[in-house]
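Chemist: Dumping the structure here so I can ask a few things about it.
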Amino acid sequence: WNTELKKIKGLKKVNTVELFNNKIEKHEEMEVDGVFIQVGEVPNSEFAKTAGVELDEEGYVVVDMRQRTNLDGVFAAGDITNHTVKQVGTAVGQGITAALEAYGYIRRPYYY
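Here it is as structure tokens:
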């Protein structure tokens, strides 16, 4: 936590990494066999909340199986949603579903 990866070092493979702890402002070098990069898992959903989209207790946009939110004509997909699997393939599938649902929504006659 509170640590930035500054450098990955090694010739034919990773040997060490340089880290910087932002909280205590300390540089550190650590021996490693590999590096796995992960982006944060806190949803950036404030814009959706401001628009009136329902969020769950963790800040994820609540959607149904058709990627619909609580607002008519508003769809969401990917890691910002309340689906449990956070993977590229899942996000792509959700994006396709949301696009098809949005297309169906805008093609719907106005009197429905």
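Okay, so the sequence shown: first residue is 16 according to our numbering, each after it adds one.
Glycine residues also receive a C-beta, built at the ideal position from the N, C-alpha and C atoms.
Computed from a predicted structure; not experimentally measured.
Skipping 5 residues on each side, what residues in its chain have a beta carbon closer than 8 Å to that of N59?
Modeler: Numbered from 1 along the sequence shown, position 44 holds the residue referred to as residue 59. Closer than 8 Å at Cβ, skipping near neighbours: I95.
Chemist: Have a look at E19 and P124 and give me their C-alpha separation to the nearest angstrom.
Modeler: Numbered from its first residue, the sequence shown carries residue 19 at position 4. Numbered from its first residue, the sequence shown carries residue 124 at position 109. Their Cα atoms are separated by approximately 52 Å.
Chemist: In whole angstroms, give me the CA-to-CA distance for K101 and E43.
Modeler: Translated into the one-based positions of the sequence shown, residue 101 becomes position 86. Translated into the one-based positions of the sequence shown, residue 43 becomes position 28. Their Cα atoms are separated by approximately 31 Å.
Chemist: Are three or more beta carbon pairs between the segment 62-74 and the segment 110-118 nearer than 8 Å?
Modeler: At 8 Å Cβ cutoff, the stretches do not touch.
Chemist: What number of angstroms, rounded off, separates the C-alpha of V57 from the C-alpha of G119?
Modeler: For the purposes of this step, residue 57 is taken as the residue at position 42 of the sequence shown. For the purposes of this step, residue 119 is taken as the residue at position 104 of the sequence shown. Approximately 31 Å, taken between the alpha carbons.
Chemist: How is T65 classed by DSSP in three states: helix, strand or coil?
Modeler: Here residue 65 is taken as the residue at index 50 of the sequence shown, counted from 1. Residue state, collapsed to three classes: helix.
Chemist: Buried or exposed, going by whether 16 or more other CB atoms sit within 10 Å of the CB of V50?
Modeler: Numbered from 1 along the sequence shown, position 35 holds the residue referred to as residue 50. V50 is exposed by the Cβ-count criterion.
Chemist: Determine the DSSP secondary structure at I23, reduced to helix, strand or coil.
Modeler: Position 8 of the sequence shown, counting from 1, holds the residue named residue 23. If DSSP states are grouped into helix, strand and coil, I23 belongs with the strands.
Chemist: CB A91 to CB V103, shorter than 8 Å?
Modeler: Position 76 of the sequence shown, counting from 1, holds the residue named residue 91. Position 88 of the sequence shown, counting from 1, holds the residue named residue 103. No.
Chemist: Between the C-alpha atoms of K22 and L86, what's the straight-line distance to the nearest angstrom?
Modeler: Position 7 of the sequence shown, counted from the first residue, corresponds to residue 22. Position 71 of the sequence shown, counted from the first residue, corresponds to residue 86. K22 and L86: Cα-Cα distance of roughly 45 Å.
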